[in-house]
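Numbered according to UniProt numbering, the sequence shown spans residues 1 to 277. Backbone N, C-alpha and C fix where the C-beta goes; we use that ideal spot for every residue, glycine too. One structure is given below, encoded as C-alpha cells.
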Amino acid sequence: MPGIRVIATGSASFDLSNKVGEPLVGRQRQINLFPISVAEIVSHFGGAYPQEHLEHFMIFGSYPEVLTADSVGEKREILTLLRDGYLYRDILETENLRNSKKILDLLRLIAFQIGKEVSLQELGQRLGMSRATVERYLDLLEKTFVLINLRGFSRNLRSEISKTSRYYFYDIGIRNAVIDNFNPLNTRDDVGSLWENFIFMERLKKRSYQKIYANMYFWRTWQQQEIDLVEERDGKIFGYEIKFSDKKIKTPTQWTKAYPQAAFETIHKSNYLDFII
1 MPGIRVIATG
11 SASFDLSNKV
21 GEPLVGRQRQ
31 INLFPISVAE
41 IVSHFGGAYP
51 QEHLEHFMIF
61 GSYPEVLTAD
71 SVGEKREILT
81 LLRDGYLYRD
91 ILETENLRNS
101 KKILDLLRLI
111 AFQIGKEVSL
121 QELGQRLGMS
131 RATVERYLDL
141 LEKTFVLINL
151 RGFSRNLRSE
161 ISKTSRYYFY
171 DIGIRNAVID
181 NFNPLNTRDD
191 VGSLWENFIF
201 MERLKKRSYQ
211 KIYANMYFWR
221 TWQQQEIDLV
231 EERDGKIFGY
241 EIKFSDKKIK
251 TPTQWTKAYP
261 QAAFETIHKS
271 NYLDFII
C-alpha cells in the first residue's frame with residue numbers, strides 16, 4: 001500500500017530474512033541496532049562522559065535495561081535472565097539444537113579467548129565435536145548477534161596469518177554473564193580483553209551510525225608481531241593497537257616494512273573517546 005512503512009524487528013538475522021526477506025527484495029533496508037553506544041551517552045549528558053560509566057560498560061555492558069537498573073544486583077539479575085532466556089533457551093529452541101550443553105560450552109570457551117585467534121579444530125577436540133559442527137554453531141551465534149567475527153588481514157605476504165578468526169561479543173555484559181564474573185576491574189585478570197572488546201564494538205557502532213565504510217581485520221605474522229585492529233577505508237590502511245595502559249607502543253617493524261604508507265596509532269584509556277564518538 002502506498003505511504004505505508006513496515007518496520008520488522010527481530011533478534012536473529014536469519015529469522016527476519018526467512019519471514020520477510022523474499023517478498024521485499026529490492027524494497028527493504030536493513031538496520032542493525034546495537035546496545036547503547038558511548039556516543040549516545042555523551043549526547044545524553046550534553047557532551048560530557050562521566051568516567052564511572054567506563055567501568056560500567058566494561059563489566060555490565062550497555063543494554064538499555066541494564067544501564068537504567070537501580071542497583072548492581074538488579075543489573076546482574078537482568079543479564080542473568082538475558083543469558084538464561086535469550087541465549088540458553090530462545091536460540092537453542094529456534095534451531096532445535098540437540099547438543100545444547102555443547103554450544104554453551106563453546107560460548108564459554110570463546111568468552112575466555114576474546115581477541116585471540118580461534119582454532120576450530122582445537123575447539124572441536126576440547127568439546128568432543130567435529131570441526132564442521134563448531135563452525136555451524138559459531139555461525140549461529142553470529143547470526144543471532146551474540147558474537148562477531150574478525151578475520152586476519154593479509155596482502156598475501158608469506159609471513160602474514162590470514163586464515164584464522166578472532167571473536168568479540170556484541171555486549172560485554174553478556175560475555176561476563178556467560179562466565180558468571182561481574183567483579184570490579186581492579187580485581188580482574190582479563191581487563192585487557194574487556195578493553196579490546198569494548199573499543200572494537202564502540203568503533204563498530206560509530207562506523208555503522210556515522211556511515212564510515214571500512215573493512216575491519218586484525219593483523220599478525222608468524223613472528224608474533226601483531227596489530228589488534230586494521231581498517232581499510234578509501235584505499236588507505238590504518239592500524240590500531242588497543243591497550244588499556246597509555247604506555248607508548250612501538251610500531252611493529254614488519255608492519256612498517258610491509259605497509260610503509262599505513263597509519264598506526266595506539267588506542268588507550270587517555271585518548272579513546274575521539275576514536276569511538
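Can you tell me which residues form a DSSP beta bridge with Tyr168?
For Tyr168, which the question treats as bridged, DSSP gives the partners Ile148.
Please report the Cβ distance between Ile34 and Tyr170, rounded to the nearest whole angstrom; I am assuming they are in contact, meaning their Cβ atoms lie under 8 Å.
The identity of residue 34 in the sequence shown is Phe, whereas the question assumes Ile. Right, their Cβ atoms sit about 7 Å apart.
Looking at Glu267: is its Cβ nearer than 8 Å to the Cβ of Ile172?
The amino acid at residue 267 is misidentified as Glu; the sequence shows Ile. In this structure, Ile172 does not lie closer than 8 Å to Ile267 by Cβ.
Taking Ile104 as the reference, give the member of Val146, Leu67, Lys248 with the closest Cα.
Note that residue 104 is Leu in the sequence shown, not Ile. With distances taken between Cα atoms, Leu104 lies closest to Val146.
Taking only three categories from DSSP, how would you classify Phe264?
Here Phe264 sits in strand by DSSP.
Could you tell me the distance, in whole angstroms, from the CA atom of Leu97 to the CA atom of Leu81?
One C-alpha to the other measures close to 20 Å.
Determine the closest residue to Asp246 out of Leu150, Gly192, Pro50, with distance taken between C-alpha atoms.
The residue with the shortest Cα to Cα distance from Asp246 is Gly192.
Just to confirm my understanding: we take Tyr137, look at its own chain, exclude 5 residues before and 5 after, and list those with CB closer than 6 Å. What are they?
Taken in chain order, the residues that qualify are Ile103, Leu106.
Would you kindly check if the distance between the Cβ of Ala39 and the Cβ of Lys206 is under 8 Å?
In this structure, Ala39 lies closer than 8 Å to Lys206 by Cβ.
Could you check what DSSP says for Trp195 in three-state terms: helix, strand or coil?
In the structure shown, Trp195 sits in a helix (DSSP, three-state: H, G or I).
Going by C-alpha distance, which of Arg126, Leu120, Asn176 is nearest Ala111?
With distances taken between Cα atoms, Ala111 lies closest to Asn176.
Helix, strand or coil: how does DSSP classify Tyr272 here?
Tyr272: helix per DSSP, three-state reduction.
Could you compute how far the alpha carbon of Arg83 sits from the alpha carbon of Ala132?
If I take the Cα positions, the gap works out to 25 Å.
Run the CB neighbour count on Arg166, radius 10 Å, all protein chains shown included, and call it buried at 16 or more, exposed below.
Result: buried.
Could you give the distance in angstroms between the alpha-carbon of Lys75 and the alpha-carbon of Tyr49?
Computed Cα separation, rounded: 20 Å.
Terminal residues of the continuous alpha helix (DSSP H) containing Phe57?
Where Phe57 is concerned, the enclosing alpha helix (DSSP H) stretches over 52 to 60.
Once the 5 residues before and after Arg108 are set aside, which same chain residues still bring their CB inside 8 Å of it?
Correct list, in chain order: Val178, Ile179.
Determine the closest residue to Lys257 out of Lys269, Leu157, Lys243, with distance taken between C-alpha atoms.
Ranking Lys269, Leu157, Lys243 by Cα distance to Lys257 puts Leu157 first.
Which class does Val66 belong to by DSSP, given the choice of helix, strand or coil?
Helix.
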